[in-house]
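Read the structure below first, then the notes.
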Amino acid sequence: MTILENNLAFSRRSFLMGSIAAGVFSPKIIFAKSKDEDFIDNLIANMSLEEKAGQLSIFADNTRSNSIAINPAQAKVGKDALISRIKNGEIGALFSAKGAKGAREYQKIAITQTKSKIPLIFGADIIHGCTTQFPIPLGESASFDIDLCERTAKMAAFEATAVGIQWTFAPMVDVARDQRWGRVAEGSGEDPYLGIKLAQARVKGFQGNDLKSEYSVLSCPKHFAAYGAVQGGMDYNTTEMSEATLRDLHLPPFKAAFDAGALSVMSSFNDISGVPSTANPHLLTDILRDEWGFKGLVVSDYTADDELIHHGYAADGRDAAKKSILAGCDMSMESGLYNKYLPDLVKSGEVPLKVVDESVRRVLRVKQALGLFENPYRSLNEARELKDQRTKEAIALSREAARKSAVLLKNENNILPLPKTGKKIALIGPFASDKYQTLGTWTIFPDFDNAVTLEKGLRAQISSQDLIKTAKGSHITEAMDGGIEEAVQTAKWADVVVLCVGEPEKFSGESQSRVSITIPQPQQELAEAIAKTGKPVVVVLSHGRALELSGAVKNADAILCAWFLGSEHGNGLADLIFGDYSPQGRLPVSFPHFSGQQPYYYNHRITGRPQQPGQERFYKARYIETDNTALYSFGHGLTYSEIEYGKVELSSPKIGMNEDLFASCIITNKGNRKVREAVQLYIHDMVASITRPIRELKAFELVEIDAGQSKKVEFRIGAPELGFVHNDLKHYPEAGKFKLWIAPSSVTGEAVEFELL
Ligand code: NOJ
52 MTILENNLAF SRRSFLMGSI AAGVFSPKII FAKSKDEDFI DNLIANMSLE
102 EKAGQLSIFA DNTRSNSIAI NPAQAKVGKD ALISRIKNGE IGALFSAKGA
152 KGAREYQKIA ITQTKSKIPL IFGADIIHGC TTQFPIPLGE SASFDIDLCE
202 RTAKMAAFEA TAVGIQWTFA PMVDVARDQR WGRVAEGSGE DPYLGIKLAQ
252 ARVKGFQGND LKSEYSVLSC PKHFAAYGAV QGGMDYNTTE MSEATLRDLH
302 LPPFKAAFDA GALSVMSSFN DISGVPSTAN PHLLTDILRD EWGFKGLVVS
352 DYTADDELIH HGYAADGRDA AKKSILAGCD MSMESGLYNK YLPDLVKSGE
402 VPLKVVDESV RRVLRVKQAL GLFENPYRSL NEARELKDQR TKEAIALSRE
452 AARKSAVLLK NENNILPLPK TGKKIALIGP FASDKYQTLG TWTIFPDFDN
502 AVTLEKGLRA QISSQDLIKT AKGSHITEAM DGGIEEAVQT AKWADVVVLC
552 VGEPEKFSGE SQSRVSITIP QPQQELAEAI AKTGKPVVVV LSHGRALELS
602 GAVKNADAIL CAWFLGSEHG NGLADLIFGD YSPQGRLPVS FPHFSGQQPY
652 YYNHRITGRP QQPGQERFYK ARYIETDNTA LYSFGHGLTY SEIEYGKVEL
702 SSPKIGMNED LFASCIITNK GNRKVREAVQ LYIHDMVASI TRPIRELKAF
752 ELVEIDAGQS KKVEFRIGAP ELGFVHNDLK HYPEAGKFKL WIAPSSVTGE
802 AVEFELL
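For the sequence shown, the numbering used here assigns the number 52 to the initial residue and increments by one for each residue that follows.
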């Protein structure tokens, strides 16, 4: 295949996998055979109401030595009590513990000592790796590397199934446009198209081609829906939006995940315009099942059914259970409300039996799709437990993912890469040597002992240990006695400073919202003091979101976004800092000038009074203190080379509704080293019946290009991809003029125009 054919194939695939098209994967999910259905019908026919409610209930398992305490504490259930509940058929699934031995013990009870002998499913939040950690999902999304995201999810499934986990509550596919929201760290960032591509990759990686395989985990895209749109970026907050926006922006990554085969989904904590998702029949039944034909199960988020009471949507627990099951929430997580109230709700006629039976059917079908009825001990194999963790392949993949996920924001005078010999490096800052700041949020089974810090990574490659001196300089959120003085002396000794600053990993993830997305003051003071030494400074940022950068951090000679890169954090960064590899990462979220610009995202609508940078600000849409731009916009990221983009050529200036447009451009590597360039295609619909974003990503391709080489990159765009969701809730394109860019970021490149007839 030539590069052109390759790109064509890629673009065609991108097109097919787009938000409005059906998936192209055909995962082997078998539950449609009538024999299988008969089996399930028979089971249901013989189950008591209490057993049915049990199949619809999942609980955290805090009885095992490898149980983890996440989520708000609930009353602890001891081992004896748990065993008796399993025996009574009160539990359909357990989560938040690992270990094949303990899981086998409980599984044995479920399949031998209960009336219906239905196996349990064992779940956990395996978000970005199990024992071997990969970059936080936001960081990994910066790789713009679909293949990489699929491979890391597959490796996570491999390790998770070795420790007795069959179901992961991942990927998080919430489009997140407000950086104050700490959970931005868990997803793919602000763009729905990138979200679609990576949602599919991750589902495919988790579930593999055969969900029955010992090595596959059931995937659970979350949080359905619009959780990323919580107002003010405050976790758990309310959301407010039109249904057209919901469908245009927030639902497509979910649809894509289901098209890729995901057989479960988690309802979100938030309400959408006043209706909490967990009891939203329009969302969970009309759209999810009736419109999309989703066959899997819906699980509530942790106690989200009970929280309907706080929302003011349910009067009490009984009402909450009733509203949730009637809306289409099949499984209740942790609250126990289904156990407690469903049998009576059915007996009283408030919930029809067939509603409960249908939910039980969905849960049993998923168990069947996982192969649990044939082999209840699948993925509960003690022999794999140690053998299949931290394999050579997993560690190498973690390092590859780390170096592909870092984003080089600036690199004045090509200060990076640094030589391994001959230059003295002052490694300064609280993140340089702290292994607890490498793995990032949602690492439920952390292996800190094997986590590689930047210091360790640099020392492993530098020609002489004497070339590196470290100084912490500051604690993460508090000043350190004498820290700055020591750091300044160390900087003075060196030829170059590598300054590791950022926000602690605990500032991102669930329930971590910030009003000010800045670097904590003591670290900022450290940066200012280091800048005064006049030494060249390379900033390495640790962060779970886009940050507001200022002063000496913003003005450093180079800035490398390091997120939290996982087990091989330091090795991956050292590969880039010493230039063994060139960075390929691009921002999946825009860095604003100021926190107060939030929510800021590149694909915003244009106002009636847009302001161009540098223009007079009066009577224009902007704040007093800053232009309405980002400091670094979505898609931005440098390599160690200079890539020149040629003029964009179109196959035709006009296309019909059934025709394709081919857009191409020649890119040339003007530098002296091979790089992987993330070539991005954006469009803008110039006049529409609902105004459209200033730019929208519609395709991207990672192109490997040698020094001095030119390559033609071609994308195909069809009319459906030019469409959007209208107020009639249908997705279709409108005839008219469009702009198109092929560019290295969301704010660069020259637009060409074409017309859709
Ligand atoms: C609450 C979180 O919102 C969700 O993402 C997670 O999967 C569940 N807890 C289970 O731990």
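Beta carbons are placed, not taken as given, at the ideal position from N, Cα and C, and that holds for glycine.
* Asked: Using DSSP with H/G/I as helix, E/B as strand and the rest coil, what is R435?
  -> helix
* Can N122 be considered in contact with the ligand NOJ, in the sense that its beta carbon sits closer than 7 Å to one or more heavy atoms? -> yes
* Heavy atom of the ligand NOJ less than 7 Å from the Cβ of K775, yes or no? -> The sequence as given places Phe at residue 775; Lys does not occur at that position. No, the beta carbon of F775 sits no closer than 7 Å to any heavy atom of the ligand NOJ.
* Complete runs of the beta strand (DSSP E) confined to the stretch 87-161 [at least 3 residues] -> 108-111 and 144-146
* Residue burial classification, S328 (beta-carbon count within 10 angstroms, cutoff 16) -> buried
* Answer with buried or exposed for A786, where buried requires no fewer than 16 other C-beta atoms within 10 angstroms of its C-beta. => exposed
* Could you pull the start and end residues of the beta strand (DSSP E) that Q563 belongs to? => Q563 -> no beta strand (DSSP E), and no H or E assigned at all.
* Would you mind stating whether A545 and K586 have Cβ atoms separated by less than 8 Å? => yes
* Asked: F810 and T489: beta carbons closer than 8 Å?
  -> Only positions 52 to 808 of the chain appear in the structure, and residue 810 is not among them; the question remains open.
* Anticipated Cβ contact below 8 Å, I137 with V268, distance rounded -> The pair is not a contact, with the Cβ atoms about 21 Å apart (cut-off 8 Å).
* Asked: In three-state terms, what does DSSP make of T644?
  -> Per the sequence shown, the amino acid found at residue 644 is His instead of Thr. DSSP places H644 in coil when its eight states are reduced to three.
* Keeping to the same chain, check which residues put their C-beta closer than 7 Å to that of A280; ignore five residues upstream and five downstream. => T290, M292 and H301
* To do: Output the distance between the C-alpha atoms of K438 and G491, rounded to the nearest integer angstrom.
  => 25 Å
* Asked: Do F561 and the ligand NOJ come close, with the Cβ less than 7 Å from some heavy atom?
  -> Note that residue 561 corresponds to Glu in the displayed sequence, not to Phe. Yes; taking the cut-off as 7 Å, the Cβ of E561 has a heavy atom of the ligand NOJ nearer than that.
* Asked: Are there 16 or more other CB atoms within 10 angstroms of the CB of R660, so buried, or fewer, so exposed?
  -> exposed
* **beta strand (DSSP E) runs wholly inside the stretch 495-543, at least 3 long, in chain order** => 519-522
* Asked: Relative to the C-alpha of T219, which residue among A538, T494 and V235 is closest?
  -> T494
* Is the CB-CB distance between N390 and G686 below 8 Å? -> no
* To do: Please confirm whether A672 and Q663 have their CB atoms less than 8 Å apart.
  => no
* To which residues of the same chain is A372 closer than 8 Å at the C-beta, ignoring the five residues directly before and after it? -> D356, S383, L388, Y389, K391, Y392, L393 and L396
* Asked: Cβ atoms of A330 and L359: under 8 Å apart, would you say?
  -> yes
* Backbone CA spacing between E556 and A236 [nearest angstrom] -> 10 Å
* Asked: What is the DSSP secondary structure of A312, reduced to helix, strand or coil?
  -> Looking at the sequence itself, residue 312 is Gly, so the reference to Ala does not match. Coil, per DSSP.
* Go ahead and pull the three-state DSSP assignment for A580. => helix
* Classify N97 as buried or exposed, calling it buried when 16 or more other Cβ atoms lie within 10 Å of its own Cβ. => exposed
* For P327, name the three-state secondary structure that DSSP assigns. => strand
* So Q158 packs on L415, CB below 8 Å; how close in whole Å? -> With 8 Å as the limit, Q158 and L415 do not qualify as a contact, their Cβ atoms being about 16 Å apart.
* Quick one: what does DSSP say R668 is sitting in, helix, strand or coil? -> coil
* Alpha carbon to alpha carbon, what distance is there between A175 and P497? -> 13 Å
* Asked: Touch check for the stretch 675-682 and the stretch 700-709: three-plus C-beta pairs under 8 Å?
  -> no
* **At least 3 beta-carbon pairs within less than 8 Å: the stretch 332-351 vs the stretch 310-318** => yes
* Could you please give the first and the last residue of the uninterrupted alpha helix (DSSP H) stretch that includes L388? => L388 to K398
* As assigned by DSSP and simplified to three states, the class of L423 -> coil
* Asked: Just how far apart, CA to CA, sit R369 and E88?
  -> 31 Å
* To do: Could you work out which residue in A483, N622 and R412 is closest to L107 when comparing CA atoms only?
  => R412
* What is the DSSP secondary structure of Q731, counted as helix, strand or coil? -> strand
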